[in-house]
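In what follows, a structure is listed as structure tokens, so that the remarks can point back to it.
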Amino acid sequence: MEALVCREIGDPTVPLSDSSPIVLSRSHPVPELNSPTAVRVRIYATSLNFHNYLQILGKYQEKPPLPFIPGSDYSGIVESVGERVSRFRVGDKVCSMASLGSFAEFIVADEKDL
Numbered sequence: 001m002e003a004l005v006c007r008e009i010g011d012p013t014v015p016l017s018d019s020s021p022i023v024l025s026r027s028h029p030v031p032e033l034n035s036p037t038a039v040r041v042r043i044y045a046t047s048l049n050f051h052n053y054l055q056i057l058g059k060y061q062e063k064p065p066l067p068f069i070p071g072s073d074y075s076g077i078v079e080s081v082g083e084r085v086s087r088f089r090v091g092d093k094v095c096s097m098a099s100l101g102s103f104a105e106f107i108v109a110d111e112k113d114l
């Protein structure tokens, strides 16, 4: 899948290049369902928030380990569900917030968080 990956702390306004702290990965692994109540969402919309910018700069109070996929707010369509998911089916439209990971084609969340 494609994902915008922060590989080092730095200025995210630098154009994508060898000196940019972020890179566009075209072969990032698709996240697996990690629990029976997990839902994988194909992301169709996300937003850039100030805290995403601060995380890449290394100035936010939460400092995720490198490399990481930034992004929090997202909406999309359910792609697959864990065996104990009861609230959603493949094809359902959903939206949510995550601490990281929405600057990608797919994200996995627990059904209670959607």
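Read in order, the letters of the sequence shown are residues 1 to 114 in the UniProt record's numbering.
Built from N, CA and C at the ideal position, the CB exists for glycine as well.
Residues that residue 97 bridges to, as DSSP identifies them | Counting from one through the sequence shown, the residue named residue 97 turns up at place 97. DSSP output for residue 97 lists 73 as bridge partner(s).
Just curious, the beta strand (DSSP E) that residue 107 is in, first and last residue?
-> Reading the sequence shown from its first residue, position 107 is the one you call residue 107. Looking at the DSSP string, the run of the beta strand (DSSP E) that includes residue 107 is 106-110.
Taking the C-alpha atoms as reference points, what is the distance between residue 45 and residue 31?
-> To locate residue 45, count along the sequence shown from 1; it is residue 45. To locate residue 31, count along the sequence shown from 1; it is residue 31. Taking the straight line joining both Cα atoms gives about 18 Å.
For residue 61, count neighbouring C-beta atoms within 10 Å of its own C-beta (all shown protein chains included) and say buried if the count is 16 or more, exposed if not.
-> Translated into positions along the sequence shown, residue 61 becomes position 61. When all chains shown are included, residue 61 counts as exposed.
Endpoints, beta strand (DSSP E) assigned at residue 24 = What you label residue 24 is simply residue 24 of the sequence shown in a count that begins at 1. Where residue 24 is concerned, the enclosing beta strand (DSSP E) stretches over 22-25.
How about residue 16 and residue 5: are their beta carbons less than 8 Å apart?
-> Residue numbering aside, residue 16 sits at position 16 when the sequence shown is read from its first letter. Residue numbering aside, residue 5 sits at position 5 when the sequence shown is read from its first letter. No, the Cβ-Cβ distance between residue 16 and residue 5 is not below 8 Å.
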